[in-house]
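Reading through the structure tokens given below for one structure.
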Amino acid sequence: MTDPGVLIHVENLRKTYGRTIAVDGLSFQARKGEILGILGPNGSGKTTTLKSILGLVSHDSGEILVNGLSVAKNRKRVLESAGAVLEGARNIYWYLSPRENLLYFAGIRGISARRATPMIEHLLRKLELWEVRNKEVRQFSSGMKQKVAMACAFVHDPEVLFLDEPTMGLDVEIALSMRNWIRSLVGEHGKTILVTSHDMGFIESLCDRVLIIRSGRIISDETLQSLKARFSEKTVEVVLEAPLTQAQTEAAEALGPCQTVCDDGSCRLRIRLHQPGSIMDLMDILRGGGSVVKDFSTSGNDLEDIFLQMIRREP
Amino acid sequence: MRMLTLAVAELRLMGWGLKRYFFNTGALVLVMYLVFLGMFWGVRAIAGGSVSGDSLDSMVVGYVLWLMAMMSIQATGGEVMNESQTGTLEQLYLSPLGADMIFLFRILNGILFNYIFVTIMLFLSMLTTGRMLTVDFPFFYGVLLLSILSLVGISFMLGGIGLIHKRIGSVYGILSFALIGMMLLPVYPFTGWALLPFVAGAHTVNSHTVHGTNFPAWWYILITANSLFYLAAGLMVFRVFERKAMRLNKMGQY
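Those protein sequences? They're chains H and X, same order as listed. To convert, note that position 299 of the first sequence is 299 in the numbering used here; the numbers rise steadily by one, no gaps. Just remember that the numbering used here sits 1000 ahead of the position in the second sequence, which is counted from 1.
Pasting the structure below:
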């Protein structure tokens, strides 16, 4: 790896469990200060990929470098600069308080209580846990517990944070506050975040770049912006006083698949435009044929639509 | 220095646990004392007045050694099981200082706690039997520590198995009975039984405390070598299972 801006470099990663291929030749990079989202259906290899980077799962072949260090050869050094909140695990001790958890997880990373205290206080305040810092975690809501887990993963000020389904089971308010905190880690501290989630809205509002994985393979690796541009189809719904003429229908179909349903003296035309700029062409077709437009609405693709289209489209 | 920080973190964790589960700790002392009372009254009922003072002394020391052995053997395996259950095992494996070091410090802290626990049990047992032994504590704790390391090795082996199979509680049930039998085996003058873990050390502590027996230097070398062998073997087995658990992605599953 020659580019100093690259923090995580994964090349040709492969992992099998018996005959099941979990990860099949995955290659990608994450740059410093980037938030990389990993999307994929259940069993697509997201968690195995994250755990392989952390060395919690040993991979069959391929190379993983974090900060230029091979995970296979220098796992302990790699862990100095990594923190993680893993899906399906508590990650923290429920019988301890947030403060105790933070002290403990700093301690097992070789950071003394005295050295960790400023960071612990900062995290407790930043994640709105200060008032409950001495209460047992078991009394907390899922969201609060997740906040404590996040704080513990960050207590040693790692360069990269791995978040596996961080918003699972959380309410909107807590998910929002987590998103803001993660954004501040990148914006203010230049950290790198790798995040998997089923919450498309969360990924869409957080990530700079998205990897879409299916059956252990990457089917898309691009910025959210370019992904959206690539899937820029717009759906337009127009309410008309009368049905389209044959010529209008043929012209509209050239812009994209369309469907007209008429009832109670009005017709509803629904068309999925291949090009967003075709709206003007559609309006010309309607005006040229003398149609009276009673209502008009458009809807674009959000990440969820794009994700579903990609998952269904790829062989 | 970082290892010292880790040791302090583990000591603190043990302290928080004891504080949170104070009732459980107290109940453990009580139950173990009641078990001893049951044994003591059982022996008195069966043997009547013919039970000798030395036998009672042996029983007291033997019981305390057995307790120490049981608690030590459960150390790593129990920790792995607990951490798996609570869903924190993978976080320990994210420590740059190594999960094996975390478990090692937990065991050492556990031995410290067990020393306090068995000392309380020893005095309670002596008070119950009315036989006040003159315990040479430096010798008692020293030889116990030397020999208990062999069981720490066994505990690491069980911990490794626990990483893959998770529930290994029934193994402890079998081992608790096996240990009682093992501690009754004749080992001195040297027999092959002395090569089993902990047996030679337990015999030494018991004989010295009850009868004042002294042993030659080579005997202590044997106990040390025995412990180091089982400890090294235990760590090796633990590493093998650890690698297997990482290969099968079993670390975070319970």
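By construction, the Cβ of each residue, glycine as well, lies at the ideal position given by its N, Cα and C atoms.
Taking a Cβ-Cβ cut-off of 7 Å, the neighbours of Val1008 (chain X) in chain H comprise Gly107, given in sequence order. Taking C-beta atoms as the reference points, Val1118 (chain X) and Met1068 (chain X) count as a pair closer than 8 Å. Residue burial is scored here from C-beta neighbours: Ile1046 (chain X) has fewer than 16 other C-beta atoms within 10 angstroms and is therefore classed as exposed. When rounded, the separation of the alpha-carbon atoms in Gly1212 (chain X) and His156 (chain H) is 53 Å. For Asp3 (chain H), the closest of H:Pro166, H:Ala30, H:Pro243, H:Asp302 by C-alpha to C-alpha distance is H:Ala30. Contact between Thr47 (chain H) and Val23 (chain H) does not hold, since the beta-carbon distance rounds to 10 Å and is not under 8 Å. Runs of the alpha helix (DSSP H) lying entirely within the region 1178-1241 of chain X and spanning at least 4 residues, in chain order: 1199-1211.
The beta-carbon separation of Arg99 (chain H) and Leu124 (chain H), rounded to 7 Å, stays under the 8 Å limit for a contact. Taking all protein chains in view, the Cβ of Glu1090 (chain X) is crowded by 16 or more other Cβ atoms within 10 Å, so the residue is classified as buried. Note that the C-beta distance between Leu13 (chain H) and Gly62 (chain H) is below 8 Å. For the set X:Thr1088, X:Thr1076, X:Ile1116, the Cα lying nearest the Cα of Asp1100 (chain X) is the one of X:Thr1076. Among the residues of chain H, those whose CB is under 7 Å from the CB of Tyr1093 (chain X) are Leu56, following chain order.
The beta-carbon distance between Ser1176 (chain X) and Met1081 (chain X), rounded to whole angstroms, is 16 Å. This is too long to meet the 8 Å contact definition. Leu240 (chain H) and Val292 (chain H) have their alpha carbons spaced roughly 6 Å apart.
Assignment of Cys267 (chain H) by DSSP, reduced to helix, strand and coil, places it in the strand class. The beta carbon of Ala1202 (chain X) sits closer than 6 Å to those of Leu1065, Met1183, all from its chain and outside the five residues before and after it, given in chain order. Between the alpha carbons of Pro166 (chain H) and Val85 (chain H) lies a gap of roughly 7 Å. Within the region 106-126 of chain H, Gly107, Ile108, Arg109, Gly110, Ile111, Ser112 place their CB atoms closer than 7 Å to a CB of chain X, listed in sequence order. In this structure, H:Leu227 is the residue among H:Arg214, H:Ser215, H:Leu227 with its C-alpha nearest to the C-alpha of Asp208 (chain H).
Residues of the region 91-104 of chain H that bring their beta carbon within less than 9 Å of a beta carbon in chain X comprise Asn91, Ile92, Tyr93, Trp94, Tyr95, Leu96, Ser97, Glu100, Leu103, Tyr104, in sequence order. Of all residues in the region 1225-1251 of chain X, the ones placed with a Cβ closer than 8 Å to any Cβ belonging to chain H are Arg1243, Met1246, Arg1247, Leu1248, Asn1249, Met1251, in chain order. Rounded to whole angstroms, the gap between the alpha carbons of Phe1113 (chain X) and Arg19 (chain H) is 47 Å. At a cut-off of 8 Å between beta-carbon atoms, Arg1002 (chain X) makes contact with chain H. DSSP lists H:Thr20 as the beta-bridge partner residues of Tyr17 (chain H).
DSSP places Gln259 (chain H) in the strand class (E or B) of the three-state scheme.
Taking Ile21 (chain H) as the centre and dropping the five residues before and after it, the same chain places the C-beta of Gly216 closer than 6 Å to its C-beta, in chain order. Following the DSSP letters along the chain, one finds Ala247 (chain H) inside the alpha helix (DSSP H) bounded by residues 246-253. Below 8 Å, enough C-beta pairs join the region 1054-1061 of chain X and the region 1121-1130 of chain X to call them touching: three or more. Counting only the Cα atoms, Phe28 (chain H) lies some 30 Å from Phe105 (chain H). DSSP places Asp3 (chain H) outside both helix and strand once states are collapsed to three, so it counts as coil. Put simply, the CB of Ala89 (chain H) is near chain X, with a gap under 8 Å to one of its CB atoms. Ranked by Cα distance from Phe1229 (chain X), the options X:Tyr1141, X:Phe1140, X:Lys1166, X:Leu1196 are led by X:Leu1196. Identification of chain H residues near Glu1090 (chain X) by a Cβ-Cβ cut-off of 9 Å yields Lys51, Leu54, Leu56, Ala84, Leu86, Ala89, Asn91, ordered along the chain. Using a Cβ-Cβ cut-off of 8 Å, Thr1005 (chain X) counts as an interface residue toward chain H, since at least one Cβ of chain H sits closer than that to its own. Just measuring C-alpha positions, the residue of H:Glu237, H:Val160, H:Ala254, H:Leu273 sitting nearest Thr260 (chain H) is H:Glu237. By the C-beta density criterion, Val1143 (chain X) is buried, having at least 16 other C-beta atoms within 10 angstroms.
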